[in-house]
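FYI, in mature numbering (1 follows the signal peptide of the UniProt record, and there is no 0) the residues of the sequence shown are -20 to -1, 1 to 116. Cβ atoms here follow ideal geometry from the backbone N, Cα and C, with glycine treated the same way.
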Amino acid sequence: MNTKTFLAIAAAAFVGSAAAETCSTADQTTAYSTLASVLTLSSFQGCADDSGFSLLYSTSLPDDAQYVKMCASDNCKSLIESVAGLNPPNCDLTVPTSGLVLNVVDLTSGFSAKCSSGASSTTTTEAPAATTAAPT
């Protein structure tokens, strides 16, 4: 299969992936063929340039700093919309150039929520206040 075809799937990798079943061979072939069309979009390379993230070589999803850049990028937003509009299968696909497994439907449908949450999967809390009086 064409290496660039798999990059199309990678373009959607902007949000954490939930566990799903592995795509059948037929679903994978169809998905790769369909998603290849995003390779001609200017937003495809633009998103990688804007965010500094390329799944071609990455073995993991973007970190929080990369998500922040993706959420601020019109190229990435446009790319996610384009990929979602292709109705990819709701199953786990493997990016053969990196080995990363991702569910494109989960990634595209969760992108806006990830951006709304500040693109962070971690939270901070204040230390609890002391409840014991100091000895006198």
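Unbroken beta strand (DSSP E) run spanning residue i, endpoints
{"i": "Leu72", "result": "According to the sequence provided, residue 72 is Asp. The question's Leu does not apply to it. Where Asp72 is concerned, the enclosing beta strand (DSSP E) stretches over 72 to 74."}
Residue j beta carbon less than 9 Å from that of residue i
{"i": "Gln46", "j": "Ser31", "result": "yes"}
{"i": "Ser53", "j": "Ser78", "result": "no"}
{"i": "Pro69", "j": "Val84", "result": "yes"}
Residue from the options with nearest C-alpha to residue i
{"i": "Asn67", "options": "Thr39, Gly79, Ser17", "result": "Ser17"}
{"i": "Tyr12", "options": "Met50, Asn55, Asp44, Leu73", "result": "Leu73"}
{"i": "Ser97", "options": "Ser78, Leu80, Cys51, Leu82", "result": "Cys51"}
{"i": "Thr9", "options": "Val75, Ala28, Leu87", "result": "Val75"}
{"i": "Ala28", "options": "Lys57, Ala93, Asp7", "result": "Lys57"}
First through last residue of the alpha helix (DSSP H) which encompasses residue i
{"i": "Phe24", "result": "22 to 31"}
{"i": "Ser13", "result": "5 to 15"}
C-alpha gap between residue i and residue j, whole angstroms
{"i": "Ala(-8)", "j": "Gly90", "result": "Residue placement at Ala(-8) cannot be trusted, given a pLDDT of 44 that sits under 50; the coordinates are not used to answer."}
{"i": "Asn55", "j": "Ser4", "result": "31 Å"}
{"i": "Leu19", "j": "Ile60", "result": "13 Å"}
{"i": "Leu87", "j": "Phe33", "result": "15 Å"}
{"i": "Cys71", "j": "Leu15", "result": "14 Å"}
{"i": "Ser22", "j": "Asp43", "result": "23 Å"}
{"i": "Ala93", "j": "Gly65", "result": "18 Å"}
{"i": "residue 127", "j": "Leu41", "result": "Because the chain is modelled from -20 through 116, residue 127 falls outside the range shown and cannot be assessed."}
{"i": "Ala7", "j": "Gly26", "result": "The question names Ala, but residue 7 is Asp in the sequence shown. One C-alpha to the other measures close to 28 Å."}
{"i": "Phe24", "j": "Cys95", "result": "19 Å"}
Q: Write down every uninterrupted run of the beta strand (DSSP E) in the region 38 to 104 whose length is 3 residues or greater and which is fully enclosed by it, in chain order.
A: 72 to 74, 81 to 83
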